[in-house]
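First comes the structure, then the notes that go with it.
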Amino acid sequence: MSELIYFTRRKDEFGQVKVYVFREKCTECGKVEMGKPVNPKTGKVMSRSKEYVCSECDHSVEKEAYEDSLTASIEYTCPEGHSGEIEIPFERRKLSFKNLNTGKSKRKLGVSFNCETCDFEIKVVKLK
C-alpha cells in the first residue's frame, strides 16, 4: 500500500467501486516515486505537508499540481450489474449528490465517471 496515494472501496445500492491512485515517478530524475517529505528529527512522514518531494534529487511539487497529474485506476460494478475497469485523471471536483438519509442535496469533492456500457454516472465523493 505504500505505492498508493489514494485507495477506497465503496459499496452501496448503486453498485461497488474500487479506486487506486498510484504514485508517479519524479519528473526530474525519473528514478524514485515522489512522496511527502520526511521529518529529519523523527523520521516520520509529514502527512499535512503541502508538497511532494523526490527523496533522490530533492525536487518538490505542490500538492494540488501533483495530485492533478495522477491517474486513477477504477474497478466498478454499476447498479445495472455491468462490471468494468477504467483509468481517468485524478482530478477532484465539486460534485452534487443527494444524501439518502436526509434527502438534502450536498456538494463535496470527488471523482465522477460514466459506466462504459450503460452510461450511468458513478460518483465517488470524499467522506470527510
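In our numbering, the protein residues as written are 1157 to 1284. Ideal placement from N, C-alpha and C gives every residue a C-beta, glycine not left out.
Once you ignore the five residues that flank Glu-1216 on each side, which residues in its own chain have a CB closer than 6 Å to its CB?
Mapped onto the sequence shown, residue 1216 falls at position 60. Reading the sequence as shown, one finds Ser at residue 1216 and not Glu. Once the five neighbours on either side are set aside, the close Cβ partners of Ser-1216 are Glu-1207, Val-1209.
Determine the direct distance from the alpha carbon of Phe-1269 to that of Leu-1251, and round the result to whole angstroms.
To locate residue 1251, count along the sequence shown from 1; it is residue 95. To locate residue 1269, count along the sequence shown from 1; it is residue 113. Rounded to the nearest angstrom, the two C-alpha atoms are 11 Å apart.
List the whole-angstrom C-beta distance separating Glu-1212 from Val-1188, where the pair is believed to meet the contact cut-off of C-beta under 8 Å.
Stepping through the sequence shown from its first residue, residue 1212 is reached at position 56. Stepping through the sequence shown from its first residue, residue 1188 is reached at position 32. Right, the Cβ-Cβ distance comes to about 4 Å (below 8 Å), so this counts as a contact.
Distance, Cα to Cα, Arg-1263 vs Phe-1253?
As a first step, residue 1263 must be located in the sequence shown, where it is residue number 107. As a first step, residue 1253 must be located in the sequence shown, where it is residue number 97. Rounded to whole angstroms, Arg-1263 to Phe-1253 spans 6 Å at the Cα level.
Tell me the rounded alpha-carbon separation between Lys-1219 and Pro-1235.
Counting from 1 along the sequence shown, the entry for residue 1219 is found at position 63. Counting from 1 along the sequence shown, the entry for residue 1235 is found at position 79. Computed Cα separation, rounded: 34 Å.
Taking Met-1202 and Tyr-1222 to be in contact with their CB atoms under 8 Å, please state how far apart those CB atoms are, rounded to whole angstroms.
Taking the first residue of the sequence shown as 1, we reach residue 1202 at position 46. Taking the first residue of the sequence shown as 1, we reach residue 1222 at position 66. 15 Å between Cβ atoms; not a contact.
Run through DSSP, which three-state label would Glu-1277 get?
As a first step, residue 1277 is located in the sequence shown; it is residue number 121 there, counting from the start. Residue state, collapsed to three classes: strand.
In the DSSP assignment, find the beta strand (DSSP E) that holds Val-1224 and state where it starts and stops.
As a working mapping, residue 1224 is identified with position 68 in the sequence shown. Sequence inspection shows Asp at residue 1224; the Val mentioned does not correspond to that position. Counting along the chain, Asp-1224 falls outside any beta strand (DSSP E), though it belongs to the alpha helix (DSSP H) covering 1219-1224.
On a Cα-Cα basis, can you pick out the residue from Arg-1249, Gly-1186, Lys-1200, Ile-1230 that is closest to Gln-1172?
Numbered from its first residue, the sequence shown carries residue 1172 at position 16. Taking only the C-alpha atoms, the option nearest Gln-1172 is Ile-1230.
Let me know if Cys-1182 comes out buried or exposed under the rule of 16 or more other beta-carbons within 10 Å of its beta-carbon.
Numbered from its first residue, the sequence shown carries residue 1182 at position 26. Cys-1182 is buried by the Cβ-count criterion.
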